[in-house]
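Numbering (my numbering), first residue to last: 71 to 395.
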Amino acid sequence: MTSPTAPKAFASQADLADKQVTFSKLSDNAYAYTAEGDPNTGIVIGDDAVMVIDTQATPVMAEDVIRRIRAVTDKPIKYVVLSHYHAVRVLGASAYFKEGCEQIIASRDTYDLIVERGEQDKASEIGRFPRLFRNVESVPPGLTWPTMTFEGRMSVWLGKLEVKLAQIGRGHTKGDTIAYLEDQKICFAGDLVEYQSTAYAGDCYFRDWPTTLDRLDAYGFDKLVPGRGAALEDAVSTRKAIASTRGFISDVYSLVLAGVADGKSLNVIYKEAMAALRPKYGHWVIFDHCMPFDVTRAYDEATGHVHPRIWTAERDIEMWKALES
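This is the structure:
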């Protein structure tokens, strides 16, 4: 007798396998901490200080980043940059204070998102992907707050080395920030770009994201650290990663728009989108995790919700049951 198919585990609760960490040297000043599709961290080493871009999800996990930084420099880690606000990116920030951190920098839009939905995002993300919040008890109570915000553009000087920060448009969130070394043509793109990993679009702006990626592409970076996936170490790979992210976002939104125009329900649109996109993107990391959130956000945007609705742990489960039933 054939046993009934077991229900799909919620989000990534069943993803328990450890990933292999790579610490890539991109230049004398730039490094990438990557882990086979888990969230990345960028490192910039200047004349007198270090900058970390995105912190990891817990202080214990951030300590592994710090160990690798300490293998190449003893300079203080004075700056932490939040490319955007998602708990999995920022809750490790407290680990850097004992390493000399003086400022946590984020865009004003990112700060506003923390005010609006920081607590709900924290509870939601921890429930979705427990492995990425290893030793979550090490996270201090409360939220990770920037100590410095900017609007549009900002430069941070690490001695004579200039790190440029810029908001180039809405995409993964409304607060997305890139950090880059202009002369070296190296960019840390946060989750605006993914490589061989499915873009999480639950808090995104589908109409804006492709245009924002066009602006990013126009910089002509030779190397790029995506939010997830291996560091891209040449211009061709960088352009391909930007293009594949743009293609995925456009494909999801086009399918959902067509379904809405035909009067189909969210459940039907989701199942059709999964069937249509799995052959092309199903091998990407966290495809099954992201797609329910991505299609739901696309459906919201296509039906008049310009700004992303807040995800809560309760809404996560309700959505999953509705789409995976």
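Using N, Cα and C, we set each Cβ at its ideal position, and we do this for glycine too.
| Asked | Found |
| --- | --- |
| Helix or strand or just coil, what does DSSP make of residue 173? | strand |
| Indicate whether residue 348 and residue 107 have their beta-carbon atoms separated by less than 7 angstroms. | no |
| Output yes or no for whether 7 angstroms exceeds the beta carbon distance between residue 112 and residue 291. | no |
| Going by DSSP in three states, residue 334 sits in which element: helix, strand or coil? | coil |
| Per the DSSP calculation, residue 115 is bridged to which residue(s)? | 120 |
| Starting from residue 146 and walking both ways along the alpha helix (DSSP H), at which residues does that stretch end? | Residue 146 -> no alpha helix (DSSP H), and no H or E assigned at all. |
| Pick out the complete beta strand (DSSP E) segments inside the region 226–305, 3 residues or longer, and give them in chain order. | 231–236, 248–251, 256–264, 293–298 |
| Got a sec, what are the start and stop residues for the alpha helix (DSSP H) residue 369 sits in? | 357–372 |
| At what residues does the beta strand (DSSP E) containing residue 168 begin and finish? | Note, residue 168: premise wrong, no beta strand (DSSP E); not H, not E. |
| Taking the alpha-carbon positions, what's the residue 284 to residue 79 distance? | 36 angstroms |
| For residue 214 and residue 332, I'd like the C-alpha separation in whole angstroms. | 43 angstroms |
| Counting along the chain, where does the beta strand (DSSP E) carrying residue 101 start and finish? | 100–105 |
| Between residue 268 and residue 363, is the Cβ-Cβ spacing less than 7 angstroms? | no |
| Less than 6 angstroms between C-beta atoms, sequence neighbours within five positions excluded: which residues of the same chain meet that for residue 372? | 326, 327, 330 |
| Enumerate in chain order the residues of its own chain whose CB-to-CB distance from residue 155 is below 6 angstroms, with the five nearest sequence positions on each side excluded. | 180, 183, 184 |
| If you draw a straight line from the C-alpha of residue 74 to the C-alpha of residue 391, how long is it? | With a pLDDT of only 48 at residue 74, under 50, the local geometry of the prediction cannot be trusted, and the value read off the model is given with reservation. Cα to Cα, residue 74 sits roughly 17 angstroms from residue 391. |
| Out of curiosity, what's the CA-to-CA distance linking residue 308 and residue 375? | 32 angstroms |
| Let me make sure I understand the geometry here. Which of 386, 314, 334, 256 has the alpha-carbon closest to that of residue 289? | 256 |
| Sort 105, 114, 324 by Cα distance to residue 232 and report the nearest one. | 114 |
| Let me make sure I understand the geometry here. Which of 123, 186, 144, 92 has the alpha-carbon closest to that of residue 382? | 186 |
| To the nearest whole angstrom, what separates the beta carbons of residue 99 and residue 251, a pair I think is in contact under 8 angstroms? | 6 angstroms |
| Short of 6 angstroms in beta carbon distance, which residues of its chain neighbour residue 142, apart from the five on each side in sequence? Order them along the chain. | none |
| Alpha carbons only, please: which of 254, 249, 275 is nearest the one belonging to residue 296? | 249 |
| Using C-beta distances below 7 angstroms, list every residue in its chain close to residue 219, excluding the 5 sequence neighbours before and after it, in chain order. | 176, 177, 178, 181 |
| Can you give me the start and stop residues for the beta strand (DSSP E) that residue 219 sits inside? | 218–220 |
| For residue 395, count neighbouring Cβ atoms within 10 angstroms of its own Cβ and tell me buried if that reaches 16, exposed if not. | exposed |
| Would you say residue 201 lies against chain D (beta-carbon separation less than 7 angstroms)? | No chain D is present in this structure, which holds just one protein chain. |
| Quick check on residue 148: buried or exposed, where buried means 16 or more other Cβ atoms within 10 Å of its Cβ? | buried |
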